[in-house]
Amino acid sequence: MTPRSWKLVCLDCAREHAGLEVRYRCDCGGTLDVVHDLEALRGGIDFATFDRRLVSKEPANRSGVWRFRELILPVDAEAIATRGEGNTGLYESKAVASYVGLSRVQLKHEGENPTGSFKDRGMCVGITVAGLLGKRRVACASTGNTSASMASYAAGRGLEAIVFIPEGKIAFGKLSQALAYGAKTIQIEGDFDDAMRLVQQVCDHADIYLLNSINPFRIEGQKAIGFELLQDRDWQVPDWIVLPGGNLGNNSALSKGLMELKALGLIEKLPRIAVIQAHGANPLYRAFSSGEPLQPLEGVETIATAIRIGNPVSGKKSLRGLAACHGVVEEVTDDEILEAKAVVDAAGIGAEPASCATVAGMRKLAASGVIDRGADVCGILTGHLLKDPDTVVRYHRGELGEPSSKRRNTLIQVEPSLEAILAALD
Ligand SMILES: *Cc1c(COP(=O)(O)O)cnc(C)c1O
Ligand SMILES: [Zn+2]
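Read the sequence shown against the numbering used here and you will find it ends at 435, with the numbers running on by one and no gaps.
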């Protein structure tokens, strides 16, 4: 094996650990960061190299994660797990811009990843590391998308996947994937936070590699959302990047990646970051607006199940990124999420509820003047429309009450006759 050029460093006590070992926390309990040797990278990597790889036929170059491998995890090509993740669309929608009250908005649709969410970007790295460590079994607790992604990537590598999901509140598209890809799927009587606590205990007791976003390698892969977004824009840094926050791994990853680009002198400024939480699951919002330390919340509730998390594992990393990127945290109600979703869906883009917190949050931040009307704003749509078909159908049937009254697209029932159909079309 090649020598490892990265280290694992504790966020709390700064203690350094070897780059490749089964470890999710420091001995002091702190979460870990992958720290690259930026000194060695400086001058050795540039945007032209990443652009050249865009036309390559090599699987690693075609992946929207491994294309940036020097900044993600420099491992041998044979070790890499990939399904060609990333390479997601960047959309500009007049309808969405006008809804949020900005002159222009770009939306990076991470729902276009192989399993339909951004989780694939972190998972291809997590599964790669599981392989390097010689692990045969991998596990995660999940509100759905992590399990779908892990199940797929594990199956591709012949690893056994074990998934812990909270009772009830998992969207059907995601549960279907975990079962279909063959993961051993265990439903816990409890919420996501209970499932998360238990999976950590199980992995500590059995020889199973934990692939939740407490695993620092997942965060490395997710940094590529920011890299690819900049590449899509010919390396122009936007004023703002807006994204939802649940377990807070994704925004931590985004800011970490951008901070590294800046440290390497590849970009001159950092964008500002806006993390959007659901009002019913808003521990980061509370901490950010009060200036108090992040307190876990019990009994969190939101229709956006992917961000229905009260005790986020990456709270500290998230706050560090927000500080560096002069970020803000906003909260939105379920009604605001559903209305924004109806707009995103009807624009022909479509995304799952948690993703649309992004758009609802943009609208709120534009209305309050935090984001200037003319600012250059990018939003991340985190998951695919079909992840949660139940919510869509219930919305358009009017079963979700008030929020669906305005933008409802009612299913039309007609008798099988020409007259009845023509009458219905009028
Ligand atoms: C996981 C997920 C989120 C939340 O991301 P965190 O890293 O947990 O903050 C948001 N939207 C979707 C669709 C997700 O799958
Ligand atoms: Zn420590």
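Every residue, glycine too, gets a C-beta built ideally from N, C-alpha and C.
Item checked: With 16 other Cβ atoms within 10 Å as the buried cut-off, status of P280 -> Walking along the sequence shown from the start, residue 280 turns up at place 271. Looking at its Cβ environment, which holds 16 or more other Cβ atoms inside 10 Å, P280 is buried.
Note to self: Measuring only from the beta carbon, is G324 closer than 7 Å to any heavy atom that is part of ligand 2?
What the structure shows: Locating residue 324 in the sequence shown gives position 315, counting from the first residue. Incorrect: G324 has no Cβ contact closer than 7 Å to ligand 2.
Check: From G330 to A433, what does the alpha carbon distance come to, in whole angstroms?
Finding: Against the sequence shown, residue 330 aligns to sequence position 321. Against the sequence shown, residue 433 aligns to sequence position 424. So the alpha carbons of these two residues sit roughly 53 Å apart.
Margin query: Rounded to the nearest angstrom, what separates P321 and N259 at their Cα positions?
Written below: Translated into the one-based positions of the sequence shown, residue 321 becomes position 312. Translated into the one-based positions of the sequence shown, residue 259 becomes position 250. Approximately 11 Å, taken between the alpha carbons.
Check: How many Å lie between M371 and Q245 at the Cα?
Finding: Residue mapping note: residue 371 aligns to position 362 of the sequence shown, counting from 1. Residue mapping note: residue 245 aligns to position 236 of the sequence shown, counting from 1. Approximately 20 Å between the Cα atoms of the pair.
Margin query: Using CA atoms only, rank isn't needed, just tell me which of G388, Y404, S426 and H405 is closest to H118.
Written below: Taking the sequence shown and counting its residues from 1, the one referred to as residue 118 is at position 109. Closest by alpha carbon: G388.
Next item on the list: Starting from C19, follow the beta strand (DSSP E) in both directions and report where the run begins and ends.
Entry: The residue given as residue 19 occupies position 10 in the sequence shown. That run of the beta strand (DSSP E) goes W15 to C19.
Notebook entry, point to check: Any chance the CB of D21 is under 7 Å from a heavy atom of ligand 2?
Noted result: As a first step, residue 21 must be located in the sequence shown, where it is residue number 12. It does: the Cβ of D21 is within 7 Å (strictly closer) of some heavy atom of ligand 2.
Notebook entry, point to check: Which one of P123, G140 and A88 has the shortest CA to CA distance from E30?
Noted result: Counted from its first residue, the sequence shown places residue 30 at position 21. When each option's Cα is compared against that of E30, the closest is G140.
Check: Exposed or buried, which one is P362 when buried takes at least 16 other CB atoms within 10 Å?
Finding: Walking along the sequence shown from the start, residue 362 turns up at place 353. With 16 or more Cβ atoms within 10 Å of its Cβ, P362 is classed as buried.
Check: With DSSP run on the structure shown, which of helix, strand or coil describes W244?
Finding: Mapped onto the sequence shown, residue 244 falls at position 235. Reduced to three states, the DSSP call for W244 is coil.
Checklist line | In chain order, each alpha helix (DSSP H) run of at least 4 residues that lies wholly inside the segment 21-90 | finding: 47-50, 56-62, 68-71 and 78-81
Item checked: Other residues of its chain near V64: CB distance less than 6 Å, five sequence neighbours each side excluded -> Taking the first residue of the sequence shown as position 1, residue 64 is located at position 55. Once the five neighbours on either side are set aside, V64 has no close Cβ partner at all.
Check: How far does the beta strand (DSSP E) with G370 in it reach, from first residue to last?
Finding: Your numbering for residue 370 matches position 361 in the sequence shown. Premise fails: G370 lies in the alpha helix (DSSP H), P362 to A376, not in any beta strand (DSSP E).
Notebook entry, point to check: Alpha carbon to alpha carbon, what distance is there between Y33 and V43?
Noted result: Translated into positions along the sequence shown, residue 43 becomes position 34. Translated into positions along the sequence shown, residue 33 becomes position 24. Between V43 and Y33, the C-alpha separation is close to 11 Å.
Notebook entry, point to check: Among K193, G153, Y162 and E169, which residue has its Cα nearest to the Cα of G177?
Noted result: Here residue 177 corresponds to residue number 168 of the sequence shown, with the count starting at 1. Looking at the Cα atoms, G153 is the closest of the given residues.
Next item on the list: May I have a chain-ordered list of the beta strand (DSSP E) segments no shorter than 3 residues that lie completely inside the segment 258-291?
Entry: 281-287
Check: Span of the alpha helix (DSSP H) holding Q231?
Finding: Translated into the one-based positions of the sequence shown, residue 231 becomes position 222. Element bounds for Q231: P225 to Q231.
Next item on the list: Measure the alpha-carbon distance for V5 versus R92 and round it to whole angstroms.
Entry: Beyond the ends of the chain as shown, which are 10 and 435, falls residue 5; an answer cannot be given.
Check: How many Å lie between G266 and I228 at the Cα?
Finding: As a position in the sequence shown, residue 266 is number 257, starting the count at 1. As a position in the sequence shown, residue 228 is number 219, starting the count at 1. Spanning the two alpha carbons is a distance of roughly 9 Å.
Next item on the list: Check each candidate in L142, Q186, S112 and T194 and name the one with the smallest Cα separation from C149.
Entry: Within the sequence shown, residue 149 is the residue found at index 140, counting from 1. Out of L142, Q186, S112 and T194, T194 has the C-alpha closest to the C-alpha of C149.
Notebook entry, point to check: For E345, is the beta carbon positioned less than 7 Å from some heavy atom of ligand 1?
Noted result: By 1-based counting over the sequence shown, the position of residue 345 is 336. Because no heavy atom of ligand 1 lies under 7 Å away, the Cβ of E345 does not count as near it: no.
Next item on the list: Give the DSSP-derived three-state secondary structure of E428 in the structure shown.
Entry: Against the sequence shown, residue 428 aligns to sequence position 419. E428: helix per DSSP, three-state reduction.
Notebook entry, point to check: Can you tell me the Cα-Cα spacing of Q231 and E48, whole angstroms?
Noted result: Reading the sequence shown from its first residue, position 222 is the one you call residue 231. Reading the sequence shown from its first residue, position 39 is the one you call residue 48. Spanning the two alpha carbons is a distance of roughly 22 Å.
Checklist line | Continuous alpha helix (DSSP H) assignments of at least 4 residues falling wholly in the segment 99-158 | finding: 103-109 and 128-141
Checklist line | Opposing strand residues paired with E173 [DSSP bridges] | finding: Along the sequence shown, read from residue 1 onward, the residue named residue 173 stands at position 164. Checking the sequence shown, residue 173 turns out to be Phe, not Glu. For F173, the pairing in a beta bridge is given by DSSP as A150 and I195.
Checklist line | N- and C-terminal bounds of the beta strand (DSSP E) containing V352 | finding: Residue mapping note: residue 352 aligns to position 343 of the sequence shown, counting from 1. V352 -> not in any beta strand (DSSP E); alpha helix (DSSP H) instead, spanning D343 to A355.
Notebook entry, point to check: What's the gap between the Cα of L390 and the Cα of F59?
Noted result: Position 381 of the sequence shown holds residue 390. Position 50 of the sequence shown holds residue 59. Computed Cα separation, rounded: 23 Å.
Margin query: Excluding the 5 residues flanking E340 on each side, which residues of the same chain have their C-beta closer than 6 Å to its C-beta?
Written below: Position 331 of the sequence shown holds residue 340. Around E340: Q286, H288, N291 and Y294.
Check: So which of Y108, G357 and L80 has the shortest CA-CA distance to A510?
Finding: Because the chain in this structure spans residues 10 to 435, residue 510 falls outside the shown range and cannot be described.
Margin query: Check for me: the beta strand (DSSP E) holding G324 runs from which residue to which?
Written below: By 1-based counting over the sequence shown, the position of residue 324 is 315. Segment G324 to A333 is the alpha helix (DSSP H) holding G324; no beta strand (DSSP E) there.
Notebook entry, point to check: Looking at H45 and E301, is the spacing between their C-beta atoms short of 8 Å?
Noted result: The residue labelled residue 301 in the question sits at position 292 within the sequence shown. The residue labelled residue 45 in the question sits at position 36 within the sequence shown. No; because the gap between Cβ atoms is not below 8 Å, this pair is not in contact.
Notebook entry, point to check: Assuming A376 and G110 make a contact with CB atoms under 8 Å, what is their CB distance in whole Å?
Noted result: Here residue 376 is taken as the residue at index 367 of the sequence shown, counted from 1. Here residue 110 is taken as the residue at index 101 of the sequence shown, counted from 1. Correct: roughly 6 Å between the Cβ atoms.
Next item on the list: For the segment 172-190 and the segment 212-228, state whether three or more C-beta atom pairs, one from each stretch, are separated by less than 8 Å.
Entry: no
Checklist line | Close Cβ partners of R24 (< 6 Å) along its chain, the five nearest in sequence each way excluded | finding: Position 15 of the sequence shown, counted from the first residue, corresponds to residue 24. Here the set comprises C35.
Next item on the list: Counting only the same chain and skipping the five closest in sequence on each side, list residues whose C-beta sits under 6 Å from that of F247.
Entry: For the purposes of this step, residue 247 is taken as the residue at position 238 of the sequence shown. The identity of residue 247 in the sequence shown is Pro, whereas the question assumes Phe. Closer than 6 Å at the Cβ level, and outside the excluded window around P247, lie P280, D385 and C387.
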